[in-house]
Amino acid sequence: METMQRRLRESPVITSVVSVLLGMLVGAIMMIAAGYNPIQAYQALFMSAFLMPYDIGETIRTISPLILTGLAVGLAFRTGLFNIGVEGQFIIGQLAAVIVALKMDLPPVLHAVVAVLAGALGGALWAFLPGLLKATRGVHEVITTIMMNFIALYLANTLVRNWLSQGADSTETIPESASLRWDLLSQAFGNSRIHFGIFIALATALFMYYLLWKTTLGFELRAVGLNPHASEYAGMSVKRNLIMSMMISGLFAGLGGASELLGTSGYLAIHGSHTGIGFDGIAVALLGANSPLGIVFAAVLFGVLTYGGPVMQFEANVPTEVIRVVFAAIIFFVAANVVRWMMSKFGNKAVKKSD
Amino acid sequence: MNVVEMKGITKRFPGIVANDNIHLTVKEGEIHALLGENGAGKSTLMNVLFGLYQPDEGEIRIKGNKVEITGPNMANELGIGMVHQHFMLVDPFTVTENIILGEEPTKNGLIDKAKAEEEVRSISERYGLRVDPKAKIRDISVGMQQRVEILKTLYRGADILIFDEPTAVLSPQEIDELIQIMRNLVKEGKTIIFITHKLKEIMRICNAVTIIRRGKYVDRVEVNETDENQLASMMVGREVSFAVDKEEAKPDRTVLSIKDLHVLNSRKMEAVKGLDLDVRAGEIVGIAGVDGNGQTELLEAITGLRKVQSGSIQLNEQEISNLKPRSVTKKGVGHIPEDRHRRGLVLDFSVSENMVLQTYYQPPFSKVFNMNYKNVDQYAQKLVQEFDVRTPDIYTPSRALSGGNQQKAIIAREVDRDPDLLIAAQPTRGLDVGAIEFIHKRLIEQRDKGKAVLLMSLELEEVLKLSDRIAVIYEGTIVGWVDPANTSEEEVGLLMAGRKPGMEVKQ
Chain C
1256 METMQRRLRE
1266 SPVITSVVSV
1276 LLGMLVGAIM
1286 MIAAGYNPIQ
1296 AYQALFMSAF
1306 LMPYDIGETI
1316 RTISPLILTG
1326 LAVGLAFRTG
1336 LFNIGVEGQF
1346 IIGQLAAVIV
1356 ALKMDLPPVL
1366 HAVVAVLAGA
1376 LGGALWAFLP
1386 GLLKATRGVH
1396 EVITTIMMNF
1406 IALYLANTLV
1416 RNWLSQGADS
1426 TETIPESASL
1436 RWDLLSQAFG
1446 NSRIHFGIFI
1456 ALATALFMYY
1466 LLWKTTLGFE
1476 LRAVGLNPHA
1486 SEYAGMSVKR
1496 NLIMSMMISG
1506 LFAGLGGASE
1516 LLGTSGYLAI
1526 HGSHTGIGFD
1536 GIAVALLGAN
1546 SPLGIVFAAV
1556 LFGVLTYGGP
1566 VMQFEANVPT
1576 EVIRVVFAAI
1586 IFFVAANVVR
1596 WMMSKFGNKA
1606 VKKSD
Chain R
2 MNVVEMKGIT
12 KRFPGIVAND
22 NIHLTVKEGE
32 IHALLGENGA
42 GKSTLMNVLF
52 GLYQPDEGEI
62 RIKGNKVEIT
72 GPNMANELGI
82 GMVHQHFMLV
92 DPFTVTENII
102 LGEEPTKNGL
112 IDKAKAEEEV
122 RSISERYGLR
132 VDPKAKIRDI
142 SVGMQQRVEI
152 LKTLYRGADI
162 LIFDEPTAVL
172 SPQEIDELIQ
182 IMRNLVKEGK
192 TIIFITHKLK
202 EIMRICNAVT
212 IIRRGKYVDR
222 VEVNETDENQ
232 LASMMVGREV
242 SFAVDKEEAK
252 PDRTVLSIKD
262 LHVLNSRKME
272 AVKGLDLDVR
282 AGEIVGIAGV
292 DGNGQTELLE
302 AITGLRKVQS
312 GSIQLNEQEI
322 SNLKPRSVTK
332 KGVGHIPEDR
342 HRRGLVLDFS
352 VSENMVLQTY
362 YQPPFSKVFN
372 MNYKNVDQYA
382 QKLVQEFDVR
392 TPDIYTPSRA
402 LSGGNQQKAI
412 IAREVDRDPD
422 LLIAAQPTRG
432 LDVGAIEFIH
442 KRLIEQRDKG
452 KAVLLMSLEL
462 EEVLKLSDRI
472 AVIYEGTIVG
482 WVDPANTSEE
492 EVGLLMAGRK
502 PGMEVKQ
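So the sequences go chain by chain: C and R.
The first sequence begins at 1256 in the working numbering and counts up one residue at a time.
The second sequence begins at 2 in the working numbering and counts up one residue at a time.
Right, dumping it as structure tokens:
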């Protein structure tokens, strides 16, 4: 019984679930303060995602890239690295995918596969440099990856304007052969933009689990993440594992970018600022406690909230920005581990009462 | 008068009772030892006294008054000071700055540095605690740092001082100095609680001793009415043998041969300066020396963790200098590292995963890319049983094990790989008598199986007891070889301090 209690107290699941509820409570208080009806708002928010097949399809579409960027951040975290560059690797994934889609002429299916792989490779290579700098020169990855995000953004913008289009703000739409959409799937979900990306995302989650807990490479990655000194002592190459970890993380991010481009938008436009999907991955990984399954669930929640936001605005008149406040509050509660603190307070009282 | 009275203290944590009805009575002006094995509950009891934990039951009286100590600040007000085992100092700050931290004397809203330095100087003179108030913490020795910790408590007006295993990090000479300091403190009217599991030190300086075992109170005895053997059996709960049973060594061919080795330390200064050393099969060679004389760098160089500048290291007549750690391991070197938490274990890995830290990629633990955790677990189960590693199960994180059991796990892993050379660095640091006995037996067992054992320990007694030959290291070179059968702690101590044998001791 006592071990049960301890397990529960330490379980990230409880932390995450309670943090979500607390975050929504903060959102509700804000809504009341601003004169909105939180019950109506949350009802609209959650119902919207599940009522119609179209909405379900669109929600799943929103979830897919979040799973991939969440996995990217989570895998790096497992190895003791804070990859803030998921955003940039995501953009490079999009860029590489759109280049293959527009510049190569391949038969259907194969074209899409090559484009996805190009995106994954692009992301991995983009993460290679920060990994290399960290391993050989000790440059902190947070600094380098933030910088790489900007390079990625403006590189993509420049290439879109000067090479992939004739001075336009976006590329042409990719040919059907490279698309990740599948009519049957779209039709099943009320002609929504749902695409193969969700399968790529779920397969990647499985892959991450397999990699970390079933392979020798995963054994090394986890060991290096938890204690680089002991790993060095045990004969593992800390440098190699650092670089590997960054590249696999970038690969996941690149997959996210490629599948988002090939499935959702179909073209790459010039962006004034970052998409935010990569940064949301940090929140997803944190809420999902860096475990593949947790990340999938966290991405589902964030996807539902993101997609439901505008509906909430439409039906309950609540500004969609409230959703970002809820996000922030959830992350605050997870990061500060408020739940553990509350439980220790509550737990102590319970013990005293039983005396 | 009784300065400290703790009666029936009980402290429970989820799943364990760390202190179960423990009593502690300390008289004014005495040095009172709190003796117990690791995990016996000494630290918990002291944390209760220092206000870090609240007891579930029991009462505390300080100088006769019943008190409820709600936090370290309250403990300070009551005159209780703690000298922590792991120093709580700010490295880039000066001695004075560290001492006044949190209680700075001010003048017009600014720190009054002159006054602070003056005060530190006067306290240090009064108690014979020689320190330079202007030196930076990172530039002074461990022994000096400990004095700063003591000064911190005195500056705050403590008259009951808790010393948490203060000798664990000190060289024999520094220990002598600390003991002198403790005597001065008592002379000036202070009372000292001395947490330890070293019986010799208790016999040497303490007046009384309270023994606890597995969270329970055993007894309180006057030191002049007891002896080491009695204390040991009270602490462990059974008879312990201090003498190490070992046959005469039968050394064979040379396994490790080091010639003119030069190695840099982390600050790029030469730490090992032209060192020669050899270890033969079937013998234990002990390296004696004061901490910081190149021992760490030497062992790291042998095991491939540190670059060799010049010179040669040969294992079984093959050059191994500047090989990668994995290659050194494969050539037949086992290594019980100095710092088991930093190097020896991935603390958040399970016991099982830690057992294959070097061999995880080899069959039967892996097949191509995949781990075979079934075989890993089977192997771990076998080792845990053979080496008596006490753990709830092999899936428990190593962090949850006691220090002794963590060390047993490391030894199991290193010995079972059957290396030709076994390097044991500080193998019993911080361990209790029972675990030390076990580990010493295992090391001798390896020797008798014909392995070469290189032992590095800062405990001179341990080196003298286990080694067949002793190499004394001083400033990066071996300054002398001694035969443990025909030497004394004094002779080795002098060599360790850099004096040549036969030299007159000049004042």
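Virtual Cβ for every residue (Gly too), placed ideally from N, Cα, C.
Hey, residue i and residue j are a contact pair by Cβ (cut 8 angstroms); roughly how many whole angstroms apart?
{"i": "GLY1386/C", "j": "GLN1344/C", "result": "About 11 angstroms separates the two Cβ atoms, so there is no contact after all."}
{"i": "ILE194/R", "j": "LEU35/R", "result": "6 angstroms"}
{"i": "GLU562/R", "j": "HIS336/R", "result": "There is simply no residue 562/R to check, as chain R begins at 2 and stops at 508 in what is shown."}
{"i": "ARG1333/C", "j": "LEU1467/C", "result": "6 angstroms"}
{"i": "ILE151/R", "j": "ILE196/R", "result": "Not quite, the Cβ-Cβ distance comes to about 14 angstroms (not below 8 angstroms), so this is no contact."}
{"i": "LEU1435/C", "j": "GLY1518/C", "result": "4 angstroms"}
{"i": "MET236/R", "j": "VAL434/R", "result": "6 angstroms"}
{"i": "GLU1487/C", "j": "PRO326/R", "result": "7 angstroms"}
{"i": "LEU1506/C", "j": "ALA1352/C", "result": "Actually they do not touch by this definition, with Cβ atoms about 13 angstroms apart."}
{"i": "ILE23/R", "j": "LEU46/R", "result": "6 angstroms"}
Residue i touches chain C at which residues, Cβ-Cβ below 8 angstroms?
{"i": "THR488/R", "result": "Those within 8 angstroms of THR488/R in chain C number zero; the least Cβ separation is about 33 angstroms."}
{"i": "ASN371/R", "result": "LYS1469, THR1470, THR1471"}
Express the C-alpha separation of residue j and residue i in angstroms, rounding to a whole number.
{"i": "ARG430/R", "j": "ALA169/R", "result": "8 angstroms"}
{"i": "GLU208/R", "j": "GLU31/R", "result": "Reading off the sequence shown, one finds Asn at residue 208/R, where the question assumed Glu. In a straight line, the C-alpha of ASN208/R is about 6 angstroms away from that of GLU31/R."}
{"i": "PHE1454/C", "j": "SER1514/C", "result": "10 angstroms"}
{"i": "VAL1577/C", "j": "LEU1556/C", "result": "15 angstroms"}
{"i": "PRO398/R", "j": "ASN1545/C", "result": "18 angstroms"}
{"i": "GLY65/R", "j": "VAL5/R", "result": "8 angstroms"}
{"i": "VAL143/R", "j": "LEU171/R", "result": "7 angstroms"}
{"i": "ILE1503/C", "j": "GLU491/R", "result": "59 angstroms"}
{"i": "VAL1493/C", "j": "VAL1397/C", "result": "18 angstroms"}
{"i": "ARG157/R", "j": "MET83/R", "result": "11 angstroms"}
{"i": "GLU1475/C", "j": "ALA19/R", "result": "36 angstroms"}
{"i": "ASP1610/C", "j": "GLY59/R", "result": "Low local confidence applies: a pLDDT of 38 at ASP1610/C is under 50, so the model's placement there is unreliable, with the coordinate-based value given in what follows. Rounded to whole angstroms, ASP1610/C to GLY59/R spans 14 angstroms at the Cα level."}
{"i": "LEU348/R", "j": "ASN1482/C", "result": "8 angstroms"}
{"i": "GLY1374/C", "j": "GLY1325/C", "result": "17 angstroms"}
{"i": "PHE88/R", "j": "ILE100/R", "result": "12 angstroms"}
{"i": "GLU354/R", "j": "VAL377/R", "result": "7 angstroms"}
{"i": "ILE1586/C", "j": "MET1302/C", "result": "23 angstroms"}
{"i": "LEU278/R", "j": "GLN447/R", "result": "20 angstroms"}
{"i": "MET1402/C", "j": "ALA1382/C", "result": "12 angstroms"}
{"i": "ALA453/R", "j": "VAL390/R", "result": "24 angstroms"}
Between residue i and chain C, is any beta-carbon pair separated by less than 7 angstroms?
{"i": "THR71/R", "result": "no"}
{"i": "LEU257/R", "result": "no"}
{"i": "TYR396/R", "result": "no"}
{"i": "ASP21/R", "result": "no"}
{"i": "PHE14/R", "result": "no"}
{"i": "ASP349/R", "result": "yes"}
{"i": "THR45/R", "result": "no"}
Could you name the residues of chain R that residue i contacts, counting a contact when the two beta carbons are closer than 7 angstroms?
{"i": "HIS1484/C", "result": "ARG343, ARG344"}
{"i": "ALA1283/C", "result": "Correct list: empty, because the minimum Cβ distance to chain R is about 34 angstroms."}
Could you tell me whether any Cβ in chain R is nearer than 7 angstroms to the Cβ of residue i?
{"i": "LYS1389/C", "result": "no"}
{"i": "LEU1497/C", "result": "no"}
{"i": "MET1256/C", "result": "Low local confidence applies: a pLDDT of 39 at MET1256/C is under 50, so the model's placement there is unreliable, and no value is given."}
{"i": "LEU1481/C", "result": "yes"}
Using the beta-carbon of each residue, which ones in chain C are nearer than 7 angstroms to residue i?
{"i": "TYR361/R", "result": "THR1471, PHE1474"}
{"i": "THR330/R", "result": "GLY1490"}
Which chain R residues sit within Cβ distance under 9 angstroms of residue i?
{"i": "ALA1458/C", "result": "What ALA1458/C touches in chain R: nothing, since even the nearest Cβ is about 18 angstroms away."}
{"i": "TYR1488/C", "result": "THR304, LEU306, PRO326, HIS336, PRO338, ARG343, ARG344, GLY345, LEU358, GLN359"}
{"i": "ALA1478/C", "result": "VAL347, PHE350, GLU354, LEU358, TYR361"}
For residue i, go through chain C and note every residue whose CB falls closer than 9 angstroms to its CB, in chain order.
{"i": "SER367/R", "result": "THR1470, THR1471, PHE1474"}
Legend entry - chain C contacts from the region 401-418 of chain R (Cβ-Cβ distance under 8 angstroms): none
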